[in-house]
Each structure stands twice: as structure tokens, then as C-alpha cells.
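All remarks here apply to the structure that follows.
In the numbering used here, the protein residues as written are 4 to 529.
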């Protein structure tokens, strides 16, 4: 995987935009339909356009971005989806494909601290860009864990060098692809969990929580997520943690402009009812309104379980992964509370992880027992810590993300939602946000039901299928369907996984597969 933008391939340009007569395809450009305009779909559309395809990007929502929608309430702006930017070069590559610079369209601002942890004991821990500053924070809790953190970073780099650099943008469409990596996976102890690796090097119980939390950012339980995801420690150290000034919505708007300048046809407000097949090949897709979009290739940024169960004919439900849906492990659900405050909370960092009294057992309630416990842990986003444009003067904008069971849990969100909102507000008011109940304004929330309805996420899961070892690499949804050879997946549920780096790499995997298929087609044509 390239470390610099300069390693990205640029498309040939004309005065009117990218050339659409790429000799790798044919004299007559072929068409690609991309279903779903999340980051994986946007990246796929741009990469296919740069290859010379005529591209249509279609989404059921009224704006691109997938879960990265923007809400405006009472003068407060809220990013609805991902807010943590790592591996920024993956976005830089997309602009470089068309001879542009991402910096000319949206600023990525480095954060410090990356995350602030507030523990139930009242103690705080700042995870910071400088290793020296982070070590100082560690030393306040446990001096001996400074050496342990250095060892953890060393292990994380070793995993990163294999799991991200060598494998994240490589296809795992054949079992032999997986078998070839078994020696590396065994050497990296990928059969352990992230928490297992962290506990090996970090001994203080609160620091163990702080350094094992990363899988929750991609939908996994730290105690069952494969230790491959420990690479996130080094990934953050390699490039840093950033915020897009203007919000994730500003980044999406910049990508929307790039799509249109490059000639991608964007269709919004149209939901796909089915992917149409003929003689085992996808020939296009039909919307709920009956509109048919023909295509030579289809790339799905939609949730793969939803595609297979709801968009393909019954005979095409063959598979894909080894386990049926009833045995598949899904990520947790999300309860997301958005609100403004009629004052500022200057001591609240941009990203705060608010930890409740339980950790491992709470995660078991959420992921395994699928019950909504009386306690919780929270992720608190305060964009106004970095960008004051998110709220009126003298005010703050927030959202709180609370991991909850997905819809396999028997929870009535219509009655539970308001109760959980009140409990979260009370907990924050009693700890890090005094008087919140008196100054909160314009609050609203989303539940797993909304993720199912708005994003067609199977079981309302926040991040598709969970990133356990048995659902990673070849065991995850393949980036090219094993039976429908012109149907591809660039999505959180496909390899390499969820999160912005994951889905952007998923689009790179699809591009690799399309390039291979194009080359085979040219050889066959003589």
C-alpha cells in the first residue's frame, strides 16, 4: 500500500475532465453501477471513472455520504456518521486520480489529544499524538506500563506491516489466498483477541480499557475481535488522528464535487429493489419505482447481508461466507443522541470516551446476551472544540454514541429511547458536564431501528458483521461474488472491514479485481 499520495495512479485528463477511452477496457466505454454512496461507494465510483468506465452512483438517501449525513437543528450542525479520520492518504489518492489535491478542497486538522478517557473513578487519561506525552499520561497511572506500551506499539507495527500494508487492499476471493497467509497470521497471534494482546503488555486495569477500545470503532467486541485490529495503534501513530474542518459533511461535499467534475452520474432518492441477473451475470438493477439501470459491472456499497437476502433472486443466495445468517455474528447497535448546549464546555475534548463501571461484562451484555443494561459507556463528540461553526456563538454541539444490542435483542426502542436519553443526560450532568439537564437544547436521537430503516443495515447493526477471526479475510464477504463474476462489494461487511480506512481499502480491492477481470477479458478477446 502506498505511503504517499505520489504513489497513487492518475487518470489521463482532457480539458473537459478524465479521458473515458481507456485502452485497458475497449474503444467503447463500458458501464458500472455503484449501489450505495457511502465512502466505499464514492471511492469505487471515482476509481472506476478513472479507469475509463461510465459510472452511475445511486443511493436511497437524498445526499451522498451513506451514514455520514449532516443534521441541522436549531442552529446546531451535527455529523451523523464517522468523525475520526486516520490514514488521510486514502482520501488524498482519490483526488490525485484526477490531478487534484485534497488540501485545496477540505482541511484535515490534527487533534491533540486524540481521545480523552474519563473513567468511573473520576480519573482522566489523554491519549496524545506525542509518544512522550502519552507516556507521561501512562506514568500517572502505572509507571511500569510505559515499557509495556512500547512493546505493544512494536507488536502493533508488526501486525500493521502485514495486516494493513500487505493485506488490507489485497483480494481474498480464494481459499488459497487465506492459506498463503496462515504462517504470517500465526506468527502475529491473530487467533488472540485485541484485549488479549493488550493485556499481555498493559497491566493497569483502566489503561487496559483505554488501549483495547479500538475495535468498538469498527463494530467489534475487544474480547472477541481478532488481534489483527491491534494494528490501529500503529496506524494512528503512523499518520495521526484528524478532523475535517467543516465536519465530515464538508469532506463528503468535497467528494461530491469531485464526482461531478469527473463525470460520475449521481442518482439520489432511489432505492434498489433487486439486482437483475441473466445467465449468471448481473445486467443491472431495478429501483422500487421500477426504474432499470443497466450495467456491465455492479459494485455494492450496500450492506452485503442485505444485498444477498433482499436484492438478489432466491437462487443467487448461495454463498458467500461459510455460516448462515443465524450463525453470523453482527456488530453492536448504536443509540446516537444529538444535542446542543446553551453554554460551552471548554474542558471537554473533541473526542471523549466516557467509561462506565463495567467493561468486559457490559460488552458481553451488548454483544452476547443482547440486553440493555442499567449502565453504559459512551463516546462523546464535541466538534466545537475544534470548529466553532458547528454551533451558535457561546454554544456547543455534541453527539453521544452509546453501544447497545442490535435488533436481535428484544428491545422496544419506541419506549426505551426516551428513557435511555434521560439516563445518558443525567450521567453526563453528574460527571463531566455539570448542569447539562438545564442547558441542553434541540436534542434528538437515532436507534438501531433507524439504522435498519435509513441504511438498510441488517439487524440494525452499526457496522455490519462483527470483525471476529472467523469473519475476516477470506471468511468475510468476498469483494467479488464467487458465483456472479461481475458483482463486487466495497462495503463494511466485505474485506477488509468497517471504518473509513476499511471501506476505502475495500474500494481499492475492487479496483484490483476489476483490473484483473479487464485483463482476462482482453486476452480472451484476442
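For every residue, glycine included, the Cβ atom is placed at its ideal position computed from N, Cα and C.
For the 7 Å CB-CB criterion, residue 383 and residue 403 form a contact. Spatial neighbours of residue 296 in its own chain (CB-CB distance under 7 Å, excluding positions within 5 residues in sequence) are listed in chain order as 36, 59, 61, 287 and 288.
For residue 101, the three-state secondary structure derived from DSSP is coil. Beta-bridge pairing by DSSP links residue 57 to 34. Here the alpha carbon of residue 160 sits roughly 5 Å from the alpha carbon of residue 237. DSSP places residue 129 in the uninterrupted beta strand (DSSP E) bounded by 127-130. When Cβ pairs closer than 8 Å are counted between the two stretches, the region 33-48 is seen not to touch the region 405-418, the count staying below three. Judged by DSSP in its simplified three-state form, residue 277 adopts strand. In this structure, DSSP gives residue 370 a helical state, which the three-state scheme calls helix.
For the 7 Å CB-CB criterion, residue 244 and residue 89 form a contact. In the structure shown, the three-state DSSP call for residue 461 is helix.
DSSP links residue 94 through a beta bridge to no other residue. A direct Cα-Cα distance of roughly 29 Å separates residue 112 from residue 514.
Residue 489 is classed as buried because its beta carbon has at least 16 other beta carbons within 10 Å across all chains shown.
Secondary structure at residue 477: helix, using DSSP grouped into helix, strand and coil. In the DSSP assignment, residue 316 falls outside any beta strand (DSSP E) and carries neither an H nor an E.
Between residue 470 and residue 500, the C-beta spacing is below 7 Å.
Excluding five sequence positions before and after residue 33, the CB atoms of its chain that fall closer than 8 Å to its own CB belong to 56, 57, 299 and 300, given in chain order. A contact between stretches requires three or more CB pairs, one per stretch, nearer than 8 Å, and the region 61-72 fails this requirement with the region 211-222. If you check the CB distance, residue 509 and residue 497 come in under 7 Å.
One alpha carbon belongs to residue 312, the other to residue 44, and they sit about 20 Å apart.
Under the DSSP assignment, residue 406 falls in the beta strand (DSSP E) whose first and last residues are 399-407. Annotation: residue 472 is outside any beta strand (DSSP E) and is labelled neither H nor E by DSSP.
Minimum Cα-Cα distance from residue 207 among the listed residues 147, 520 and 158 corresponds to 147. In this chain, residue 433 is not harboured by any beta strand (DSSP E); it is covered by the alpha helix (DSSP H) spanning 416-433.
Between the region 257-271 and the region 66-80, the count of Cβ pairs shorter than 8 Å is three or higher; the stretches touch. Going by beta carbons, residue 359 and residue 379 fall inside the 7 Å limit. The DSSP-derived three-state label of residue 82 is strand. Contact check for residue 229 against residue 475 passes: the beta carbons are separated by less than 7 Å. Remark: C-beta atoms of residue 336 and residue 444 do not approach each other more closely than 7 Å. For the set 349, 121, 190 and 306, the Cα lying nearest the Cα of residue 333 is the one of 306. For residue 485, the closest of 131, 175 and 87 by C-alpha to C-alpha distance is 175. Residue 297: not part of any alpha helix (DSSP H); member of the beta strand (DSSP E) spanning 295-297, first to last residue. Membership of residue 271 in the beta strand (DSSP E) is indicated by the continuous run 268-271. Residue 163 and residue 235 have their C-alpha atoms roughly 8 Å apart. The continuous beta strand (DSSP E) containing residue 336 extends over residues 336-344.
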